[in-house]
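Residue numbers (the numbering used here): 5 to 256. Beta carbons: idealized from backbone N, C-alpha and C, even for Gly.
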């Protein structure tokens, strides 16, 4: 036998075992996600007022199938979860609003008017950021504004059976500030840190057809024995940007 046969021990009688590594293949895959996809969302055990144990979610998944030939052979399948977050960059601008309301004692007797104007530095935030609000209050009434309050509301809209919808609102966090005496004006910042006061976290905003999650900041002038003065400014909560693996990235 030749030298190659001797190297493998084929010049001797008996059996010989050879270890050959299994080949591995990588199939590149690229797909542009539609821009209008609603963001991933999950809600479980949600309870508020007459709503108990509400569960809802928007979930995405990649599935891969390898066709295996043969009548009795089964195809190879694998899947992995995919997290999709909406990007609401059209709202990256300052937001402001104002209202003038008559102050009525016991909802009947006029005590003058109250003017409230609020400006916010932007309307898109990451969880944990602080919304910077500048409030200008002109209390032209004879009644004291006892307290100024800022609240972040989460509004979850779910489509139920037979096409009906239900919106559940919950206060996620709030802060209180000094009020305004009768006949006085006040300009003061009212920062609000967007961290839930209770256990949990802020789900990113999403606008699905079956499930939608939105947020708003309410500014309230608390006036005893009179209807309070309110302003609502919509805000969007987005997820932090994940690092880009870059071109040519190959999974392990």
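Spatial distance of residue i from residue j (CA atoms)
i: residue 170; j: residue 55; result: 10 Å
i: residue 199; j: residue 188; result: 32 Å
i: residue 33; j: residue 100; result: 45 Å
i: residue 141; j: residue 109; result: 19 Å
i: residue 154; j: residue 219; result: 13 Å
i: residue 241; j: residue 132; result: 10 Å
i: residue 65; j: residue 85; result: 4 Å
i: residue 30; j: residue 57; result: 44 Å
i: residue 12; j: residue 41; result: In this predicted model, residue 12 has a pLDDT of only 49, less than 50, meaning its place in the structure is not dependable enough to derive any value.
i: residue 67; j: residue 36; result: 16 Å
i: residue 80; j: residue 239; result: 45 Å
i: residue 59; j: residue 174; result: 15 Å
i: residue 172; j: residue 61; result: 15 Å
8 Å Cβ cutoff met for residue i and residue j
i: residue 44; j: residue 87; result: yes
i: residue 130; j: residue 156; result: no
i: residue 221; j: residue 139; result: no
i: residue 183; j: residue 213; result: no
i: residue 152; j: residue 225; result: yes
i: residue 160; j: residue 237; result: no
i: residue 227; j: residue 97; result: no
i: residue 102; j: residue 121; result: yes
Closest residue to residue i among the options (Cα-Cα distance)
i: residue 134; options: 227, 66, 193, 105; result: 193
i: residue 91; options: 127, 57, 191; result: 127
i: residue 233; options: 116, 25, 177, 70; result: 116
i: residue 217; options: 66, 65, 89; result: 89
i: residue 245; options: 208, 60, 215, 239; result: 208
Beta-bridge partners of residue i, as assigned by DSSP
i: residue 173; result: 159
i: residue 4; result: Past the edges of the chain, shown from 5 to 256, lies residue 4, and the structure says nothing about it.
Where the beta strand (DSSP E) through residue i begins and ends
i: residue 79; result: Element bounds for residue 79: n/a, residue is neither H nor E.
i: residue 108; result: 99 to 109
i: residue 166; result: No beta strand (DSSP E) contains residue 166, which DSSP labels as neither H nor E.
i: residue 234; result: 233 to 241
i: residue 50; result: 45 to 52
i: residue 142; result: 137 to 143
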